[in-house]
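Numbering (the working numbering), first residue to last: 3 to 370.
Backbone N, C-alpha and C fix where the C-beta goes; we use that ideal spot for every residue, glycine too.
This one's a predicted model, so the numbers in the text were calculated from it and none came from an experiment.
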Ligand code: F6R
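Here it is, written out as structure tokens:
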């Protein structure tokens, strides 16, 4: 039931705030997190030397955000591996390695096989999954359900938000166990996480510019997405969604890579979405992305910035600014991705496409 929405995807985008609330529900205390990961108890987690996150597609992009948060907060090396690459290359695994799988459906064949491979090599396994009782959580030692509610549209939206939140919760839990963050620092993140649902509601309420933008761009042939740090996976996700449901060639790349090749693509009129971190949080990172913007702008690109509401520095260079509220750096992707999801949805709609059932794709990829 689409509940009055034109598509399941539109409905699911609108459910972002509640999905995030549900992922956090019962897991936040006054000043910290309270996670029960069953056999992956405090002793086991303190003995972990390395984490590998395996996933595919959008879930893998959420994992790239998770990597930054977990490494920063818990000081454990984290790698992200596409599940299908992981298991065909004899990865190094032992009982001090935790393999976290991320899957909305819990049925993705490659991710399932990666988990089985990890377990057979003695690694510890944790599933972050949205579907109760699915295969991957059943094959894992412990599970953190995201509780985002069923996702019907092929393109993943609210599940991505919930996957990021699940990993943030895990990162704080691990940081607490390992003593790598002060209680005050944890409390600050928790307080900011509690604000996310309302901030998401604000982002959703401000969609009109995205709608106009999508109409204006319905004949566009190619769109680039640029980001740095946790904005990089957001850029990749924005590009994937556009390919998937709008059938427009789109590519996401890291800002620092521009000079190493992609800048050759910039010609007058090329549309580039730029995911901009808040200048208040990350002045250095912010100045780097602003210089990226200047470089491509000077070559005639049209800039659409996803930027924090108070960021005046992007205004002179951006053709359009899609605003998001201020939050902490690791939490920014949860807000920044939403205008990109809506943009893909609006553009596909403007092109008259079936957003819920894009061609050639299935909701869960249960074959290799
Ligand atoms: C993109 C999308 C896919 C899935 C990927 C993994 O919008 O939906 O890229 O994210 O197929 O699926 P799950 O999370 O079910 O393992």
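Selection from the options that minimises the alpha carbon distance to residue i
i, options, result
"residue 358", "18, 203, 158", "158"
"residue 283", "295, 182, 328", "328"
"residue 368", "65, 112, 50, 82", "112"
"residue 104", "122, 53, 93", "53"
"residue 331", "281, 32, 273", "281"
"residue 47", "181, 74, 299", "181"
"residue 363", "152, 248, 297, 333", "248"
"residue 192", "172, 12, 101, 15", "172"
"residue 33", "189, 64, 146, 139", "189"
"residue 258", "251, 298, 219, 273", "298"
"residue 230", "293, 197, 196", "293"
"residue 92", "123, 100, 78, 80", "123"
Under the three-state DSSP convention, the category residue i falls into
i, result
"residue 280", "coil"
"residue 117", "helix"
"residue 63", "helix"
"residue 147", "strand"
"residue 257", "helix"
"residue 251", "strand"
"residue 39", "coil"
"residue 133", "coil"
"residue 128", "strand"
"residue 328", "coil"
"residue 369", "coil"
"residue 355", "coil"
"residue 50", "coil"
"residue 299", "helix"
"residue 322", "strand"
"residue 57", "strand"
Cβ separation of residue i and residue j, assumed to be a contact under 8 Å, to the nearest whole Å
i, j, result
"residue 116", "residue 76", "In fact, because the Cβ distance is near 22 Å, the residues do not count as touching under 8 Å."
"residue 337", "residue 205", "6 Å"
"residue 276", "residue 228", "5 Å"
"residue 23", "residue 285", "With a Cβ gap of about 31 Å, residue 23 and residue 285 do not count as contacting."
"residue 341", "residue 212", "6 Å"
"residue 66", "residue 82", "5 Å"
"residue 295", "residue 326", "Rounded, the Cβ-Cβ distance is 17 Å, inconsistent with contact."
"residue 131", "residue 110", "No, residue 131 and residue 110 are not in contact; Cβ-Cβ is about 10 Å, not under 8 Å."
"residue 153", "residue 106", "6 Å"
"residue 18", "residue 202", "5 Å"
Distance CB(residue i)-CB(residue j) smaller than 9 Å
i, j, result
"residue 120", "residue 21", "no"
"residue 71", "residue 161", "no"
"residue 303", "residue 324", "no"
"residue 170", "residue 183", "no"
"residue 244", "residue 345", "yes"
"residue 1", "residue 301", "Residue 1 is absent from the structure shown; the chain starts at 3 and stops at 370."
"residue 307", "residue 320", "yes"
"residue 253", "residue 226", "yes"
"residue 167", "residue 102", "no"
is_contact[residue i, chain B] using C-beta, thresh 9 Å
i, result
"residue 38", "Given the protein chain composition of this structure (a single chain), no chain B is represented."
Handout entry: Complete runs of the alpha helix (DSSP H) confined to the segment 169–244 [at least 4 residues]
Key = Runs found: 185–207, 210–218.
Problem - 3 or more residues per run - each beta strand (DSSP E) lying fully within the segment 62–93 - result: For the segment 62–93, the full-length beta strand (DSSP E) segments reaching 3 residues or more read 80–84 along the chain.
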